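Residue numbers (the working numbering), protein chains in the order written: chain A, 1 to 287; chain B, 1001 to 1240; chain C, 2001 to 2247.
Cβ atoms here follow ideal geometry from the backbone N, Cα and C, with glycine treated the same way.
No experiment lies behind these values; they were computed from the predicted model shown.
These notes are about the structure you will find just below.
Have a look at this one:
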């Protein structure tokens, strides 16, 4: 296991209530692990604790086989953090931001230009990043988080503010890095991203983990075994549902497929958001 | 300090200077130093031994209070300080870089003033250490104070009383109070050093004592700044 | 709908803010404390007429301090993009800027008159004094908008602040520059205000007796009207620049 958390709890200084309440989870090396939850559930707090931005948790966390609370400055040589909001020196160019960042690591780093190109950003651009759009700034932040070739990569809403083309690019990059052995800790409330790329997801609500499992298994476990057929009838499109657990409906479905003017057939799995709602009683967008 | 730590510090100082330079601060400040030099030569040349030390304490000597705090609040708005937190750069090195970067600008400005009014001679070289240490001290004060305010505008007002205390040595310099009464204040050593180096024949033994006292004050100030970082700044590096 | 009720609401909000917020209270108190300090220190400085020469400084402190602090508040709003919220309110921008400029001016005027009273030097030409004091108060919105418009962030603001504080020492040059050369200083409102206040304190008849080597021959009304015009023009220009840059 690359990361193991047991009874992880945290209360902000001066806070009355704990924000995290006894989280237990493990992440394997090379896994893309998604942390899903509504706003204020504790996703970003968890990430900040694991990235040692916040200190003073209770419980136990081991990363790279060592107690997190005992990790020194060298820990940052092995992790990369892509924040939710752009946090760049606005008066510096993208390459300047990246080159300065590279200079702080003790490990080999990738050249800034190559990384910028990979994420569709201009190389040799003299404009300060303050003039970039939010999407471009976030891609610079993402680029920066990879410079030191991290073994553990923290991503907070990596596709937020990106157009569809760059959103696809970022998802591809995440998968590519995971295949190369990077472990990814991803916090998001974008179900498409989580469903598409995460190996496992954890649902967090009110500082507690509701469950941890693979997206596919979650959807199958909460699926209705129903097939929806669309067919042309009477000059329009007709929809019919068939419950595959009922023999009569299964027979009717097979007859329709054999003889009928079927246009589309879809199984009716729930989305991850539907599963989340069913398990936690909360919508992902709600606080 | 190991070679790696020194390299990281130098790198961080370069970053601080670049951020300041992109905002044109060093250019403006050196221009102001030049203007002050011209004004002193025109208006108060015959009182240079009195005026130059006072200006050195009043201007570059207090530079760090607002510039270091200003940079910290800017990083807070830009969230750029959080990005540095997840690198191997120790927080102490980050503080030192901010303070040293500022002190380099202040020292250069002070050297322009001293050299322009009193001449480029051995006194100018001797001025650099106590001047540098005074500006770093002001930077540490600015850093510490900034930990107690949530906004820069509040900081500006809140810094006035500590700055008043910091500037009390003007009273001893102009003969209003005996210097011994302010010997507990590090800036008393600063103005003593500047006044020492404004005379035609500086007292080198006194100069050594003044530099040592300022170095000790900086060491204590640095510890305090690190404490404030751990207890007041670390958890509030970004605007919510 | 007229802007008057909205302005009244703004005024009420800000007044409540001053009452509840210690920061704003201190902003008002500091110039008074500094004026008292100047009064205490002046007799100790071994230069003839120092009390008179420092008197204008006691008045010029308040708008200077207010303008710089409020200017940094505008920079902060621009950095955090909160100014944009005001752009989408049903309140004309011209009205909002007018409100900011007026409240800054009135507050500066009150504070600077209070500072003059604390400093305690009798005034020879009261009408002239009040005219220049009003022009002096206009430097607060000028500095506020200059900083807010010209500085993209706090570091630039500090740089600009250094330029402002250096240029506020421009009046000292009238001690060394003969009158024809003082034409080079007429762009600075501080030049007019400093000389105007000296003139108002000393009185026309006493000016010749002042150990001031190079008194210029400007007409009496110019010491109030010229800086007022410079400040108003500056406020209009910088308000436009701020609006453009804050978007």
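Contact annotation for residue 1043(B) against chain C: 2172, 2173, 2175 and 2176 [CB-CB distance below 9 Å, chain order]. Cβ atoms of residue 107(A) and residue 77(A) come within 8 Å of each other, at about 5 Å. Neighbourhood of residue 1023(B) in chain A, by CB distance below 9 Å: 91, in chain order. Contact between residue 53(A) and residue 1085(B) is confirmed by a C-beta separation of about 6 Å, below the 8 Å threshold.
Beta-bridge analysis with DSSP links residue 230(A) to 239(A) and 264(A). Contact note: residue 1079(B) does not reach chain C at a C-beta cutoff of 7 Å; the least C-beta distance is about 11 Å. Cβ proximity to chain C below 7 Å picks out nothing from the region 1121-1141 of chain B. According to DSSP, residue pairing for residue 9(A) in a beta bridge involves 58(A). The beta carbon of residue 2108(C) is closer than 7 Å to those of 2062, 2063, 2066, 2137 and 2140 in its chain, skipping five residues each way along the sequence.
Counting along the chain, no beta strand (DSSP E) covers residue 2026(C); the unbroken alpha helix (DSSP H) around it starts and ends at 2022-2041. At a C-beta separation below 9 Å, residue 39(A) has no neighbours in chain B, since its nearest C-beta there lies roughly 13 Å away. Contact annotation: in the region 2027-2040 of chain C, residues whose CB is within less than 8 Å of a CB in chain B are 2027 and 2030. With respect to the 7 Å criterion, residue 210(A) and residue 203(A) are classified as neighbours on the basis of their beta carbons. Taking a beta-carbon distance threshold of 7 Å, residue 1011(B) counts as an interface residue toward chain A.
The beta carbons of residue 2052(C) and residue 2202(C) sit about 6 Å from each other, so the pair counts as a contact at 8 Å. Contact between residue 207(A) and residue 18(A) is confirmed by a C-beta separation of about 6 Å, below the 8 Å threshold. Residue pairing by DSSP places residue 213(A) opposite 201(A) in a beta bridge. Within the region 70-98 of chain A, the residues whose Cβ lies closer than 9 Å to some Cβ of chain B are 72, 73, 74, 75, 76, 77, 79, 80, 81, 83, 85, 86, 87, 88, 89, 90, 91, 92, 96 and 97, listed in chain order. For residue 1072(B), no CB of chain A lies under 7 Å from its own CB, so it is not counted at the interface with that chain.
For the region 118-185 of chain A, the continuous beta strand (DSSP E) assignments of 3+ residues that do not extend past its boundaries occur at 152-156, in sequence order. Straight-line spacing of the CA atoms in residue 1057(B) and residue 176(A) works out to 58 Å. Within chain C, the C-beta atoms nearer than 7 Å to that of residue 1154(B) come from 2023, in chain order.
In this structure, residue 1030(B) lies away from residue 1068(B), with their beta-carbon atoms at least 7 Å apart. Per the C-alpha coordinates, the member of 1121(B), 1192(B) and 1007(B) positioned closest to residue 1134(B) is 1192(B). Under the Cβ distance rule, residue 1020(B) counts among the residues neighbouring chain C, one pair being separated by less than 7 Å. Annotation: the continuous alpha helix (DSSP H) that includes residue 2199(C) extends over 2189-2202. Counting C-beta pairs with one atom in each stretch, the region 32-39 of chain A and the region 4-19 of chain A have fewer than three that are closer than 8 Å, which means they do not touch.
Residues of the region 268-283 of chain A with a Cβ closer than 8 Å to any Cβ of chain B: none.
Only 2069, 2072 and 2073 from the region 2061-2074 of chain C bring a Cβ to less than 7 Å from some Cβ of chain B. Separation of the CB atoms of residue 1104(B) and residue 1114(B) is rounded to 16 Å, and the pair is thereby denied contact status at 8 Å. Within the DSSP secondary-structure output, residue 67(A) pairs in a beta bridge with 62(A). Shown in chain order are the members of the region 1078-1102 of chain B whose Cβ falls below 7 Å from a Cβ of chain A: 1078, 1079, 1080, 1082, 1083, 1085, 1086, 1087, 1088, 1089 and 1090.
Using a C-beta cut-off of 8 Å, the region 127-137 of chain A makes no contact with the region 183-192 of chain A, since fewer than three inter-stretch Cβ pairs fall below that distance.
Taking 7 Å as the cut-off, the beta carbon of residue 240(A) is found closer than this to the beta carbon of residue 229(A). In this structure, residue 73(A) lies away from residue 140(A), with their beta-carbon atoms at least 7 Å apart. Boundaries of the beta strand (DSSP E) around residue 32(A): 32-36.
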